[in-house]
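Structure first, commentary second.
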Amino acid sequence: MSPVNSPDAAPQTSPEQKPGRIALAFRVLGTLKYGIALTALIVYLPFTTYRGMPMHGMLGNLFSELTPLSALVAALFVFLVAWTLMIVTGLIVNGVEVRFPRSSRGRGYRTYAQIQAEPQRILPKWADEFFSVPVTFGQFLLYTAALAVVPCIVIVHNALPADRLLAAVATVAAFVVAYFLILLAAAPAAVLDLNNCDPMCNAANCDPPLRGRWPGAKWLWEWLHGTPFQLLSEWARSGSSFLARRLHMKYILDDVGNIYPAHLLATMAVVGFVVLWAVTAWWFHPANHTAASVVYLYIGLLMFVWIFGALSFHLGRAHVSPLAIIVAFVLLGYVTKVDHRFWPAQPPTTAEISIDPIQVAVPADTNLVIVATAGGGVWAAGWTARALEQLIANRAELRQEIRVISGVSGGAVGAAFVIDGILRAAPGTSPASVLHDARVRSTASSLEPVAYGFAFLDFPRLLSGGIYDPQQDRGQLLENEWARIATAPVAGEKVGRRPDAGPGKRRLRSLNASIRDGVVPAPIFGTTVMEAGQRLMITPITFPSTGPRARTLQEFVLNTASATPEPDIDLWTAARLSATFTYISPPVRSWLDAVPAQREHLIDGGYYDNFGVTSALDWLTPVLEARAAGDPRLRFKRVLLIELSAFAAPAESLKPASGVSAALTGPSLTALLALRKGVATSRNQIDVARFKDRWNALLHNLVRIESVRFEPQASRDPGPLSWHLSSTEIDRLNLAWGTSIDPQTWPENLRNEWRAADLFLRGEGS
């Protein structure tokens with residue numbers, strides 16, 4: 088390593104005046120700005136667990152109800168993220184001089200001895216000594232307390248009561264394992280320099296990987312010194328030094344051409360992370376095992392800290408922002424090859440029938456019922472299945488009377504579980520049991536595959552600009568998880584071990600015979616064309632080409648008239664396309680590159696119509712036209728539209744925004760979000776009212792049309808938008824429908840809506 092009195096030992100200083108305290112403070116902030124931002128993010132993440140905190144709807148259940156094993160793995164990565172940020176920040180501080188005008192252009196790294204000997208500093212002495220590498224044990228403990236203790240406390244606090252003690256033990260065990268890993272990462276540098284380096288840095292040329300007396304470190308390194316590990320350490324230093332020379336990074340090499348101990352520590356930590364990343368990616372693949380979603384979140388953070396920190400250190404010499412490089416890679420990747428797609432459409436088999444809107448309605452006798460179910464993540468999926476469970480328990484005829492379920496986003500997923508559950512039920516199974524199991528499956532967590540896909544597939548692909556190009560993405564993992572849940576056993580209120588996804592696959596086209604025979608309702612999954620902002624219907628129904636309505640997937644994918652056979656996709660792919668909510672699953676386009684329209688992407692149906700009503704009316708219009716024309720196949724006399732909304736309608740009068748919010752975010756963000764929710768609600772109410780008035784006037788002697796709406800009480804807290812519900816939230820969802828199937832136990836608003844629906848279907852309403 089470079090001695091203090093070497094030409095490279097001190098910076099070339101200019102006769103400038105010593106900077107004042109304010110200038111030094113800004114230099115500290117400028118040097119540590121990325122570390123401060125990452126620290127703030129890491130510190131805030133655990134607080135999203137609690138309701139009312141920003142991002143609770145998306146991230147709120149990441150830390151909830153972890154098993155002791157999941158708590159162990161999660162805490163392990165929590166500690167690794169905190170300590171990685173500590174090392175990266177230290178290396179940036181050690182290389183701080185190349186970032187300022189008075190620095191030496193040839194040196195990119197200062198040893199601790201050089202920092203101590205500097206007569207004039209870029210940073211205050213306390214910042215140099217505290218943040219630099221080698222790391223002190225006190226520095227280590229401070230980073231642990233600031234960044235790792237709070238997440239671990241949240242993990243233990245939110246564990247199930249019976250698991251809290253084991254979760255606490257697991258976090259302590261995770262600390263021990265992570266501590267051993269950091270000592271092991273520092274071991275090559277320490278073993279090679281063990282004979283001439285004082286860990287207290289009293290020697291003039293001292294530059295150990297860790298500074299001070301770390302418990303167990305000296306014993307471990309001395310033991311490894313007499314083993315073949317010393318030879319491995321020499322290979323590691325030689326290989327790292329060779330790689331640094333080839334990459335023209337001589338500024339991290341000492342005067343004899345060896346990599347500095349701190350950078351050897353960082354290199355070994357990166358190698359260890361890559362190995363751990365690969366093992367975790369294989370072991371916790373959703374098809375094998377699953378870990379808690381928070382594990383994957385911290386794996387993604389760990390990757391980002393290493394990449395961002397490395398860019399910040401090496402690009403600091405050229406005064407290039409690491410953000411600019413990452414953005415350039417992202418843009419380059421999306422321009423060239425990075426994109427997300429859904430599986431290609433499959434042609435129907437000759438044994439499968441086609442079915443039009445009239446044939447869907449034929450099995451209805453006196454009553455024709457349409458269900459329109461709104462979006463809202465897993466809470467909406469559970470609300471849909473729970474509503475159908477309660478309503479059909481009180482009127483068994485609804486199983487045949489419901490001919491269409493038009494769903495959006497989470498509501499579409501709940502509808503898919505209900506339809507799949509009916510078809511998968513063994514002969515003789517009671518309807519109550521079928522709907523109970525469908526409801527339990529619809530509330531089962533499927534967030535883990537999404538988080539896995541983010542950490543191991545999509546995030547690395549994004550950062551690499553598509554150089555890393557896995558075959559799947561988090562959206563495909565999500566639909567595969569739903570297919571596994573669909574075939575998993577149900578015991579009480581829990582879903583058992585997930586089998587392979589294959590048996591859970593079911594093509595939309597294969598539903599047509601069961602729809603025609605009245606076994607299941609026809610699904611319509613609403614989605615949105617991102618570039619055009621247009622609504623799209625994914626359904627096995629073949630619509631007539633006449634009349635204004637939204638396009639079907641067939642018309643969108645093949646750009647053909649509706650008379651041609653529809654392209655076929657899997658039921659769970661259709662549900663996923665309807666539920667392509669921002670960041671949970673990516674916007675996708677079809678694999679049919681030959682069709683120009685397929686460069687357009689599909690996103691969540693809720694961006695256009697979050698209630699599913701518009702698509703339901705698109706289907707009902709040709710049916711009512713045929714009924715008015717006297718089609719002898721149609722016998723229904725009453726039409727009931729049942730709207731299921733997992734969230735209460737927004738209040739007309741809300742608390743005014745502050746002046747700051749109105750000035751900074753009002754015209755764009757605040758107003759846009761409010762308009763999206765408010766416009767969707769009012770438009771839905773207006774469309775339904777106008778539709779009923781028009782057709783009741785046209786068919787007043789033939790058919791009566793009415794609608795009811797089942798939604799939670801406005802006072803209830805909304806559920807999360809992600810794909811994970813805690814056991815407490817599942818209980819709250821079920822209790823939102825009362826304590827039993829008896830409508831007298833339901834909340835007043837649901838009881839009143841059911842009374843109106845029941846009277847109407849029995850022909851006793853006004």
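The working numbering puts the first residue of the sequence shown at 88, with every later residue one more than the last.
Every residue gets a Cβ at the ideal spot worked out from N, C-alpha and C, and that includes glycine.
What you are looking at is a predicted structure, and each value in this text was computed from that prediction instead of being measured.
Same chain, Cβ closer than 7 Å to A609, five either side skipped, listed in chain order: V447, R490, V491, I602, T626, P627, I628, listed in sequence order.
Identify, in the order they occur along the chain, each residue of the same chain with its Cβ nearer than 6 Å to the Cβ of A648, setting aside the five sequence neighbours on each side. Only weak support is given to the placement of A648: the predicted model assigns it a pLDDT of 47, under 50, and the value that follows is read from those uncertain coordinates. Cβ neighbours of A648 within its own chain (closer than 6 Å, five residues either side excluded): S632.
Indicate whether the contact test is met: 3 or more Cβ pairs, each with one atom in the segment 227-237 and one in the segment 139-152, closer than 8 Å. Output reads no: the segment 139-152 does not touch the segment 227-237.
Which residues does DSSP list as the beta-bridge partners of E793? The partner list for E793 (beta bridge, DSSP) reads L727.
Say whether the segment 789-800 touches the segment 487-506, bearing in mind that this needs 3 or more beta-carbon pairs closer than 8 Å, one atom from each stretch. No contact exists between the segment 789-800 and the segment 487-506.
Alpha-carbon to alpha-carbon, L808 and M390: Annotation: M390 to L808 spans about 26 Å, alpha carbon to alpha carbon.
Select from D426, I440, G552 the residue whose C-alpha is nearest the C-alpha of A415. If we check each option's Cα against that of A415, G552 comes out closest.
Thinking just about the alpha-carbon of each residue, which of R561, D705, T669, R596 is nearest to the one in D691? Considering only alpha carbons, the answer is T669.
Please classify H350 as buried or exposed, where buried requires at least 16 other C-beta atoms within 10 Å of its C-beta. Buried is the call here.
Tell me whether L689 sits in a helix, a strand or coil according to DSSP, three-state version. If DSSP states are grouped into helix, strand and coil, L689 belongs with the strands.
Going along the chain, which unbroken runs of the alpha helix (DSSP H) with 4 or more residues stay wholly within the segment 433-488? Secondary structure remark: continuous alpha helix (DSSP H) runs of at least 4 residues inside the segment 433-488, in chain order: 444-448, 464-481, 485-488.
Counting Cβ pairs, one atom from each stretch, are 3 or more of them under 8 Å apart for the segment 660-675 and the segment 611-625? Cβ pair count under 8 Å is three or more, so yes.
May I ask you to report which of helix, strand or coil DSSP gives K581? DSSP, reduced to helix, strand and coil, places K581 within a strand of the structure shown.
Kindly indicate the opening and closing residues of the alpha helix (DSSP H) around T176. Segment 155-181, the alpha helix (DSSP H) holding T176.
Give me the Cα-Cα distance between S328 and G344, rounded to the nearest whole angstrom. One alpha carbon belongs to S328, the other to G344, and they sit about 7 Å apart.
State yes or no: is the C-beta of F797 within less than 8 Å of the C-beta of G463? By the CB criterion at 8 Å, F797 and G463 fall outside the cutoff.
What separation, rounded to the nearest whole angstrom, lies between the Cα atoms of T815 and P799? It is roughly 16 Å from the alpha-carbon of T815 to the alpha-carbon of P799.
Near H71, what residues of its chain come up, given a Cβ to Cβ distance below 7 Å and the 5 sequence neighbours on each side ignored? Any answer about residue 71 is impossible in this case: the structure gives the chain only from 88 up to 853.
Rounded C-alpha distance that separates A459 from A703: For A459 and A703, the gap between their C-alpha atoms comes out near 7 Å.
May I ask whether a heavy atom of the ligand ADP can be found less than 7 Å away from the beta carbon of N454? Ligands are entirely absent from the displayed structure, and the ligand ADP is therefore not among its contents.
Pop quiz: T258 and V243 are said to be a contact at Cβ under 8 Å. What is the actual Cβ separation, rounded to whole angstroms? Their Cβ separation, rounded to whole angstroms, is 6 Å, which keeps T258 and V243 in contact under 8 Å.
Quick one, which of L172, V264, A214, V425 has its alpha-carbon nearest F546's? Selected option, being the one with the closest Cα: V425.
Return the Cβ separation of F504 and A483 in integer angstroms, given the expectation that the two are a contact with Cβ distance under 8 Å. F504 to A483, Cβ: 20 Å. No contact.
Short of 6 Å in beta carbon distance, which residues of its chain neighbour H811, apart from the five on each side in sequence? Order them along the chain. Spatial neighbours of H811 in its own chain (CB-CB distance under 6 Å, excluding positions within 5 residues in sequence) are listed in chain order as N148, S532, L534.
From L822 to A502, what distance separates their C-alpha atoms? A502 has its alpha-carbon roughly 20 Å from the corresponding atom of L822.
Between the segment 168-175 and the segment 391-407, do at least 3 Cβ pairs fall closer than 8 Å? A contact between stretches requires three or more CB pairs, one per stretch, nearer than 8 Å, and the segment 168-175 meets this requirement with the segment 391-407.
Do T118 and V180 have their beta-carbon atoms positioned less than 8 Å apart in this structure? Pairing V180 with T118 gives a Cβ-Cβ distance under 8 Å.
For the structure I just gave you, are there three or more beta carbon pairs, one from the segment 160-167 and one from the segment 260-273, closer than 8 Å? They touch, by the three-pair rule.
Taking the alpha carbon of L640 as the point to measure from, which residue in D829, I611, G403, E618 has its own alpha carbon closest? L640 has its Cα closest to that of I611, out of D829, I611, G403, E618.
Take the Cβ of L210 as the centre, count every other Cβ of all protein chains shown within 10 Å, and call the residue buried at 16 or more, exposed below. A residue is called buried once 16 or more other Cβ atoms fall within 10 Å of its Cβ, and L210 is buried on that count.
Which same chain residues end up closer than 7 Å to A353 when comparing Cβ atoms and leaving out the 5 residues on each side of it in sequence? Only residues of its own chain outside the window of five on either side were considered, and among them I174, L178 have a CB closer than 7 Å to the CB of A353, listed in chain order.
Taking C-beta to C-beta, are G579 and L820 nearer than 8 Å? No, Cβ-Cβ distance for G579 and L820 is not below 8 Å.
In the DSSP output, what is D657 paired with across the bridge? Note: D657 is bridge-paired with R594 in the DSSP secondary-structure output.
If we count Cβ pairs, one from each stretch, closer than 8 Å, do we get three or more for the segment 127-134 versus the segment 211-225? Contact fails: fewer than three Cβ-Cβ distances are below 8 Å.
Looking only at its own chain, which residues have a Cβ that is under 6 Å from the Cβ of L388, when we skip the five neighbours before and after it? Contacts found: V168.
With burial defined as no fewer than 16 other Cβ atoms inside 10 Å of the residue's Cβ, what is the status of Y199: buried or exposed? With 16 or more other Cβ atoms within 10 Å, it is buried.
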